[in-house]
Amino acid sequence: VAHAETLRPLGVGYVESEVAGSSAQVARAEVLVFAGGTAADVESVRELLESFAAEVRYVGPTGTAARWKLVHNLILGLH
């Protein structure tokens with residue numbers, strides 16, 4: 009969040025992308041990416057994210073993707 013706030017006044021967009029999956033799954037483009045930031049910034053890099061992800065989910069402002077990743081890991085751990 010601090011990086012995004014520092015870069016925003018400089019006109020630089022910041023996209024937080026949390027990967028749910030293993031490195032082997034990345035190689036097969038099977039991972040889920042939680043993407044946070046402004047909707048416009050996430051859309052500007054969507055093609056790049058989709059190059060290694062089966063699904064890219066925009067989850068809200070910067071910081072939200074990290075929270076979603078924690079919830080995802082907690083649910084996996086419970087199962």
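Numbers in the working numbering are just positions in the sequence shown, counted from 1, shifted up by 8. Glycine residues also receive a C-beta, built at the ideal position from the N, C-alpha and C atoms.
DSSP beta-bridge partners for residue i?
i      : result
Val-50 : None, per the DSSP bridge assignment.
Gly-68 : Gly-44
Glu-26 : Phe-42
Glu-63 : Leu-40
CB residue i to CB residue j, shorter than 7 Å?
i     : j      : result
Val-9 : Thr-70 : yes
Using CA coordinates, which residue listed in the options is at the minimum distance from residue i?
i      : options                           : result
Ala-35 : Leu-18, Ala-74, Gly-45 and Leu-57 : Leu-57
Phe-42 : Arg-65, Glu-55, Ala-61 and Gly-29 : Arg-65
Val-67 : Trp-76, Phe-60 and His-87         : Trp-76
Val-39 : Leu-82, Pro-17, Glu-63 and Leu-84 : Glu-63
Ser-30 : Ile-83, Gly-44 and Ala-61         : Ala-61
Please report how far the alpha carbon of residue i lies from the alpha carbon of residue j, in whole angstroms.
i      : j      : result
Gly-19 : Glu-13 : 10 Å
Leu-15 : Leu-78 : 25 Å
Gly-45 : Pro-17 : 14 Å
His-11 : Leu-86 : 32 Å
Arg-54 : Leu-82 : 26 Å
Leu-84 : Ser-59 : 25 Å
Ala-32 : Gly-21 : 29 Å
Ala-74 : His-80 : 10 Å
Between the segment 48 to 59 and the segment 18 to 37, do three or more beta carbon pairs fall short of 8 Å? Yes, the segment 48 to 59 touches the segment 18 to 37.
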